[in-house]
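Per this note's numbering, the sequence shown runs over residues 785 to 942.
Heads up, the beta-carbon is just placed ideally off N, CA and C, and yes, glycines get one too.
It should be emphasised that the depicted structure is a prediction, and the values quoted were computed from it without experimental measurement.
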Amino acid sequence: MSQIPMTLRGADQLREELNELKNIKRPRIIASIAEAREHGDLKENAEYHAAREEQGFCEGRIQEIEAKLSNAQIIDVTKMPATGRVIFGATVTVYNTHSEEEATYRIVGDDEADFKQNLISVNSPMARGLIGKEVDDVTVVKTPGGDVEYEVIKVEYL
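Structure below.
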């Protein structure tokens with residue numbers, strides 16, 4: 785499996801979720817299954833089947849997180865030399881030349897991406913258009929609504 789780029793913050797969030805799944809959710813599900821078994825006939829026991837299904841989802845998520853963390857390439861952008869170039873983990877302020885609006889985005893891994901918090905995936909069209917650019921560079925990003933032109937205003941390694 786190939787390495788998965790991830791920021792230090794994203795790796796910490798996945799570790800927290802993994803810890804919660806293993807130490808809080810998993811024991812709660814096991815207790816629910818044990819309680820449901822005590823009610824008797826398992827074939828017609830909806831609580832038992834629901835708990836088993838939840839256990840399946842929980843175990844699947846645990847395996848998924850463990851696989852991602854084992855293949856993670858954790859990048860701490862604060863330790864990178866400040867070259868002014870847009871790279872993975874950088875915080876970029878751009879100016880949309882069409883709508884004349886400024887926006888600030890942080891380029892992160894797929895698991896961390898949350899557009900509402902201005903965290904964009906490194907694999908998104910926006911990030912691909914910005915990677916490698918420097919302040920005052922102009923890039924055209926292909927969007928479903930058409931091409932959008934952005935000018936890079938500021939690049940920070942936070």
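Asked	Found
Separation of R799 from T865, as counted between CA atoms	Checking the sequence shown, residue 865 turns out to be Pro, not Thr. Rounded to the nearest angstrom, the two C-alpha atoms are 27 Å apart.
Paired residues, beta bridge with E885 - DSSP	N880
Per-residue DSSP class, three states only, for V861	helix
Cβ contact (3+ pairs, closer than 8 Å) linking the segment 863 to 877 and the segment 917 to 930	yes
Alpha carbon of D894 to alpha carbon of N907, nearest angstrom	7 Å
V876 vs L903 beta-carbon contact at 9 Å	no
Pair within 9 Å by beta-carbon distance, M790 and I858	yes
DSSP beta-bridge partners of K938	T877
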